[in-house]
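Enquirer: Quick one: the structure is below, and I'll ask about it shortly.
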Amino acid sequence: MTAVDAVAPHLGATQACRALGISRATLYRRRWPPVSTARPSRARPPRALSDAERQTVRAVLHSERFCDTAPAEVVATLLDEGTYLASERTMYRILTQAGQTGERRNQLTHARHARPELLATQPNELWSWDITRLLGPATWTYYYLYVVMDVFSRYVVGWMVAHAEQAALAERLLAATCAKQQILPHTLTVHADRGSSMTSKPVAFLLADLGVTRPTPAPTSPTTTPIPRASSRP
């Protein structure tokens, strides 16, 4: 800045800054530093509550009588009894400073359950099946695609297209697929959602007769992988 001040009277501030490789904004900022515009701290209002009064309000809000009550109800209740400690806004301000402005009432909490997961380490150990509705050639006509997929290999072990979604058709498909893949008893687990065909008695009796496990609920493990949904494509 000393060099700029020495050259500026002869070349001007613009040429001096350009010759020395600095911007004029830097020059002017160094010559006239910006004035601080910070607002002064607000003085304590003369009618503000004292520390003892604030402690009294906090004790009332934390009392067994008002611990589950909103400040608006606390103020109204105390006024009916001829007592005035502070306004509703002041009570909220006191609670905010203490970090206690959340829900004050008792809330019902639900336990977090682990997501059902299964593990497939080889083919024909875990299957997943589903039914998808397909649009037909005419208006308001549909076909239903039944797909059974092996989770380990992602191979479609069985599928069928039918005119309706019926438990008898699902039973027939699962029986034919198990026979085709030569599934031995107690070696296969079949996963499905809670659809009507999946939870029907014919399907349940068939899987029980074949010795196929239905994971309801499925076992959980930190080393397992999520169950993928069966593909909707044939």
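Following the numbering used here, the numbering of the sequence shown begins with 922 at its first residue and continues without gaps.
Quick reminder that beta carbons are idealized off the backbone N, C-alpha and C, glycines included.
Per DSSP, what are the beta-bridge partners of residue 949 in this structure?
Expert: Residue pairing by DSSP places residue 949 in no beta bridge whatsoever.
Enquirer: Throw me the rounded Cβ distance for the residue 1090 and residue 1106 pair, which I believe falls under 8 Å.
Expert: Actually they do not touch by this definition, with Cβ atoms about 23 Å apart.
Enquirer: Among 960, 1118 and 1110, which has the Cα closest to the Cα of residue 1067?
Expert: 1118
Enquirer: If you run the structure through DSSP and keep just helix, strand and coil, what is residue 1119?
Expert: coil
Enquirer: Let me confirm a value: residue 953 is counted as buried when at least 16 other C-beta atoms fall within 10 Å, else exposed. Which label applies?
Expert: exposed
Enquirer: Helix, strand or coil for residue 1085, going by three-state DSSP, please let me know.
Expert: coil
Enquirer: Report the residue from 1079, 1109 and 1028 whose alpha carbon sits nearest the alpha carbon of residue 989.
Expert: 1028
Enquirer: May I ask you to verify whether the stretch 1072 to 1087 touches the stretch 1029 to 1044, counting CB pairs closer than 8 Å and requiring at least 3?
Expert: The answer is yes - the stretch 1029 to 1044 touches the stretch 1072 to 1087, with three or more Cβ pairs under 8 Å.
Enquirer: Counting pairs of Cβ atoms below 8 Å between the stretch 967 to 986 and the stretch 934 to 952, do you hit three or more?
Expert: no
Enquirer: Could you pull out every unbroken beta strand (DSSP E) segment of at least 3 residues lying fully inside the stretch 1027 to 1058, listed in chain order?
Expert: 1047 to 1056
Enquirer: Of all the options 1023, 992 and 1021, which has the alpha carbon lying nearest to the alpha carbon of residue 1011?
Expert: 992
Enquirer: In terms of DSSP beta bridges, what is residue 865 paired with?
Expert: The chain is shown from 922 up to 1155; residue 865 falls before or after that span and cannot be answered.
Enquirer: Does DSSP put residue 989 in a helix, a strand or coil?
Expert: Secondary structure at residue 989: coil, using DSSP grouped into helix, strand and coil.
Enquirer: In whole angstroms, what is the alpha-carbon distance linking residue 887 and residue 931?
Expert: An answer regarding residue 887 cannot be provided, because it is not within the stretch 922 to 1155 covered by the chain.
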